[in-house]
Amino acid sequence: MRLHLAKVNQRPSAWPSLPWPSTAPIFARRAVEIELINTGTELLLGRVLNTHQQWLGQRLADGGYTLSRQVTVPDTGPAIRDAVKAALRRAGLVITTGGLGPTSDDITRELIADLLARPLRRDDTIANHIERFFASRKRPMPRTVLVQAHVPEGAVVFPNENGTAPGLAIEVSPTPFRASGGPAWLLMLPGPPRELRPMVDDQVLPFIKKYLPLKQEFHCRTLRSLGVGESMVEDMLL
Numbered sequence: 005m006r007l008h009l010a011k012v013n014q015r016p017s018a019w020p021s022l023p024w025p026s027t028a029p030i031f032a033r034r035a036v037e038i039e040l041i042n043t044g045t046e047l048l049l050g051r052v053l054n055t056h057q058q059w060l061g062q063r064l065a066d067g068g069y070t071l072s073r074q075v076t077v078p079d080t081g082p083a084i085r086d087a088v089k090a091a092l093r094r095a096g097l098v099i100t101t102g103g104l105g106p107t108s109d110d111i112t113r114e115l116i117a118d119l120l121a122r123p124l125r126r127d128d129t130i131a132n133h134i135e136r137f138f139a140s141r142k143r144p145m146p147r148t149v150l151v152q153a154h155v156p157e158g159a160v161v162f163p164n165e166n167g168t169a170p171g172l173a174i175e176v177s178p179t180p181f182r183a184s185g186g187p188a189w190l191l192m193l194p195g196p197p198r199e200l201r202p203m204v205d206d207q208v209l210p211f212i213k214k215y216l217p218l219k220q221e222f223h224c225r226t227l228r229s230l231g232v233g234e235s236m237v238e239d240m241l242l
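Numbering (my numbering), first residue to last: 5 to 242.
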């Protein structure tokens, strides 16, 4: 069992017999709602293990942020559209995964561009990256892959160093489905973990920290126990 605790500048006297590291990371938290939307029919069918929720939740928590909601939806227009609209009504940061590739079921980018009334524009830098990606591997490039070079107008682009579909970020101002609460950020990330994870670590987390700065500091400790029931540990700590 692993128990995560957060206390502000204090070591409770009730814990003297428990291991307490002399140093620990300091996290900061802000009351920002973050929602994660994983797209992919294969996830719902159980053919592919959805590791995004656990991995992204852990990475966000390590940086001081907490997911408030996660949903997995199939690769259908109504499901993705409804999930994004609902999330934007509640959250200040919405993250989607998947649906940015060149195949017929990759429709997230187009749906969100239409939902936010952002026309798609060709980004020549992305197109050149895609062409070099295939040339460096001496593989023929299907023309359909260049659809990934079309991005919603005004979007921030996260280059994909391990694939062809870039990540995207859009600032969403108040709309008919987000009438209050100020602007929100909508982030679209590629589905393959080998592409998503480096992008998150190198680009997305610094982006989130810049545009959703943290305010309240907490000292956090992780206490590990073995062979002791949760109720007994709780009695020792509380």
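Backbone N, C-alpha and C define an ideal beta-carbon position, used for all residues, glycine too.
Open item on the list: Just to check my reading of the structure: T101 and L200 have Cβ atoms closer than 8 Å, yes? What is that Cβ distance to the nearest angstrom?
Closed with: As a working mapping, residue 101 is identified with position 97 in the sequence shown. As a working mapping, residue 200 is identified with position 196 in the sequence shown. Rounded, the Cβ-Cβ distance is 6 Å, consistent with contact.
Open item on the list: If contact is defined by three or more beta carbon pairs under 8 Å, each pair taking one atom from either stretch, is the segment 136-145 in contact with the segment 88-100?
Closed with: no
Task: Nearest-angstrom beta carbon gap, R198 and N164 [assumed within contact, 8 Å] - done: The count along the sequence shown starts at 1 and reaches residue 164 at position 160. The count along the sequence shown starts at 1 and reaches residue 198 at position 194. Between R198 and N164 the Cβ distance is about 10 Å, and since that is not below 8 Å, they are no contact.
Task: From P196, T168, L172 and L92, residue whose alpha carbon lies closest to that of L124 - done: Indexing the sequence shown from 1 puts residue 124 at position 120. Checking every option, the nearest Cα to that of L124 belongs to L172.
Task: 6 Å CB neighbourhood of L193 in its chain, flanking five on each side removed - done: Counted from its first residue, the sequence shown places residue 193 at position 189. Closer than 6 Å at the Cβ level, and outside the excluded window around L193, lie T101, G171 and L200.
Open item on the list: Pairs of beta-carbons, one from the segment 152-164 and one from the segment 113-133, closer than 8 Å: are there three or more?
Closed with: yes
Open item on the list: Residues in the same chain with beta-carbon distance under 8 Å from V160, minus the five sequence neighbours each way, listed in chain order, please.
Closed with: Here residue 160 corresponds to residue number 156 of the sequence shown, with the count starting at 1. Excluding positions up to five away in sequence, the list reads L172, A173, I174 and F211.
- [ ] Please say whether H133 and T107 have beta carbons closer to each other than 9 Å?
- [x] For this step, residue 107 is matched to residue 103 along the sequence shown. For this step, residue 133 is matched to residue 129 along the sequence shown. Going by C-beta atoms, T107 is not nearer than 9 Å to H133.
TODO: Take the Cβ of Q1 as the centre, count every other Cβ of all protein chains shown within 10 Å, and call the residue buried at 16 or more, exposed below.
DONE: Because the chain here runs from 5 to 242, residue 1 falls outside it and cannot be looked at.
TODO: Kindly give me the distance between the Cβ atoms of G103 and I130, rounded to whole angstroms, as I take these residues to be in contact under 8 Å.
DONE: Here residue 103 refers to the residue found at position 99 when the sequence shown is read from its first residue. Here residue 130 refers to the residue found at position 126 when the sequence shown is read from its first residue. Not a contact, Cβ separation roughly 16 Å.
Open item on the list: How far does the beta strand (DSSP E) with A173 in it extend, from its first residue to its last?
Closed with: Indexing the sequence shown from 1 puts residue 173 at position 169. Unbroken beta strand (DSSP E) run through A173: G171 to V176.
Open item on the list: Considering only the alpha carbon of each residue, which of E37, A65 and V77 lies closest to L49?
Closed with: Sequence index remark: in the sequence shown, residue 49 carries index 45 (1-based). The shortest Cα separation from L49 among E37, A65 and V77 belongs to V77.
- [ ] Can you have a look at E238 and say buried or exposed, based on whether 16 or more other CB atoms are within 10 angstroms of its CB?
- [x] Position 234 of the sequence shown holds residue 238. Exposed, because fewer than 16 other Cβ atoms sit within 10 Å of the Cβ of E238.
Open item on the list: Could you tell me the alpha carbon to alpha carbon distance between Y69 and E39, rounded to whole angstroms?
Closed with: Position 65 of the sequence shown, counted from the start, is the residue given in the question as residue 69. Position 35 of the sequence shown, counted from the start, is the residue given in the question as residue 39. Roughly 11 Å separates the two Cα atoms.
TODO: Consult DSSP for Q58 and reduce its assignment to one of helix, strand or coil.
DONE: As a first step, residue 58 must be located in the sequence shown, where it is residue number 54. Secondary structure of Q58 (DSSP, three-state): helix.
- [ ] May I ask you to report which of helix, strand or coil DSSP gives L241?
- [x] Within the sequence shown, the letter at position 237 stands for residue 241. The answer is helix: DSSP assigns L241 an H, G or I state.
Task: Proximal residues to M145 (C-beta, below 6 Å), its chain only, five neighbours per side dropped - done: The sequence position of residue 145 within the sequence shown is 141, counting from 1. Excluding five sequence positions before and after M145, the CB atoms of its chain that fall closer than 6 Å to its own CB belong to F138, given in chain order.
Open item on the list: Here's the rule: buried if 16 or more other CB atoms are within 10 angstroms of the residue's CB, otherwise exposed. What is R141?
Closed with: Here residue 141 refers to the residue found at position 137 of the sequence shown. Result: exposed.
Task: Counterpart residues of Q74 in DSSP-defined beta bridges - done: For the purposes of this step, residue 74 is taken as residue 70 along the sequence shown, with counting starting at 1. Answer is L40.
TODO: Give the straight-line distance between the Cα atoms of R225 and L242, rounded to the nearest whole angstrom.
DONE: Locating residue 225 in the sequence shown gives position 221, where the first residue counts as 1. Locating residue 242 in the sequence shown gives position 238, where the first residue counts as 1. Computed Cα separation, rounded: 15 Å.
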